[in-house]
Amino acid sequence: MPLEYKTVYLNGQYLPLCDAKVSVMDRGFLFGDGIYEVIPSYSGKLFHFQEHMRRLENSLSSIRVPNPYDRAQWLEILTPLLDANLDQYIYLQITRGVSDKRDHAFPEHVTPTVFAMCSNIVPVAGLESGVKALSVDDSRWELCNVKATTLLANILLRQQAVEQGCAEAILVKDGYVTEGAASNIFAVIDGILITPPIGNEILPGITREVVLELAEQNNIPYSEDIISLDALQTAEEIWLTSSTREIVPVVQLDDEIIANGKPGPIWRAMNQLFQAYKQSYHE
Ligand code: PDD
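Residues 0 to 282 (numbering that gives the first Met the number 0) make up the sequence shown, in order.
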């Protein structure tokens with residue numbers, strides 16, 4: 000089916016993408032005043048739905064937009080968009096809504112705009128051989144725990160990486176890595192899997208949470224701790240995690256080759272655990 004006829008959800012209706020229209024006075028368009036979620040779906044079932052809903056609720060309350068639906072209603076809205084035969088992800092966006100004038104302060108009587116669509120998960124190119132990453136200054140704001148649609152800094156940083164032949168930008172704040180432009184970061188240092196702790200400098204990734212649970216259950220030593228850029232440059236392994244790319248090994252950071260330039264043994268083990276967990280999750 001041509002993309003323009005794919006069914007999407009907008010404000011209570013299912014309609015072809017080409018008919019899904021939002022006002023130019025929507026605060027999402029004018030200000031980036033909204034939040035979003037990306038939820039993977041395997042065989043038509045949403046992965047860690049409750050955790051994604053918990054993060055959605057936190058994002059909404061952080062920007063003071065009322066949640067228009069409860070979790071059961073969200074599930075009812077999103078399920079018809081899924082294909083039971085494919086690996087996909089839902090993109091769900093909620094903005095503060097449409098106002099009759101452009102004013103930075105919140106409008107008084109406004110209904111949130113709700114949009115959702117589903118896309119296929121495309122396997123990351125070169126996963127088996129690993130990818131390159133570029134370290135860049137983390138120029139974002141102080142609410143990185145909120146999954147805000149206001150992504151200009153992330154976009155500029157990712158583009159900088161892409162223009163240098165890299166798959167992702169690794170963001171560095173005061174000498175310590177925070178996360179990727181659209182992913183969380185893990186490093187293996189002295190045999191221990193390390194990821195920066197949750198806080199307002201990173202998005203609490205659901206894939207990150209699953210990886211930590213799998214490490215715990217399978218006796219892989221791990222710790223949530225700060226990682227300096229210097230330590231990252233000499234790490235045994237570096238990985239990036241996200242809902243759409245899963246667990247991606249980094250084999251080159253800037254001009255430094257990581258270890259022997261191949262995905263490491265702990266990545267291989269974790270990726271196998273993750274794939275098996277995905278399969279078993281809904282059986
Ligand atoms: N991004 N950090 C940032 C800044 C992100 O944008 C993402 C995901 C993550 C990983 O979170 P999760 O494991 O829950 O996907 C971390 C999504 C995929 C996106 O913006 O498209």
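Glycine is no exception: its CB is placed at the ideal position from the N, C-alpha and C atoms.
So is residue 117 buried or exposed if we call it buried at 16+ other beta carbons inside 10 Å?
As a working note, residue 117 is residue 118 in the sequence shown. Under this definition residue 117 is a buried residue.
Beta-carbon proximity list for residue 47, same chain, < 6 Å, skipping 5 on both sides:
What you label residue 47 is simply residue 48 of the sequence shown in a count that begins at 1. Residues 205 of the same chain have their beta carbon placed closer than 6 Å to that of residue 47, with the five preceding and five following residues left out of the count.
To test your reading of the DSSP string, which unbroken alpha helix (DSSP H) runs of 4 or more residues are found completely within the segment 189-277?
205-216, 228-232
Proximity to residue 203 [Cα-Cα], best of 240, 133, 64
In the sequence shown, the residue the question calls residue 203 occupies position 204. Distances from the alpha-carbon of residue 203 to those of 240, 133, 64 put 240 closest.
Of the residues 51, 0, 246, 250, which one's Cα is nearest the Cα of residue 145?
Within the sequence shown, the letter at position 146 stands for residue 145. Checking every option, the nearest Cα to that of residue 145 belongs to 51.
When burial is assigned at 16 or more other CB atoms within 10 Å of the CB, is residue 4 buried or exposed?
Taking the first residue of the sequence shown as 1, we reach residue 4 at position 5. Under this definition residue 4 is an exposed residue.
Near residue 147, which residues of its chain fall below 6 Å by C-beta distance, leaving aside the five closest residues on each side in sequence?
One-based indexing of the sequence shown puts residue 147 at position 148. Taken in chain order, the residues that qualify are 34.
Relative to the C-alpha of residue 53, which residue among 38, 42, 179 is closest?
The sequence position of residue 53 within the sequence shown is 54, counting from 1. Here the closest residue by C-alpha is 38.
Following a CB-centred definition, is residue 161 positioned closer than 6 Å to any heavy atom of ligand 1?
Start at 1 with the first residue of the sequence shown, and residue 161 comes out as number 162. False, no ligand heavy atom lies under 6 Å from that Cβ.
Tell me the start and end of each unbroken beta strand (DSSP E) in the segment 53-138 that is at least 3 residues and wholly inside, in chain order.
86-94, 112-119, 130-136
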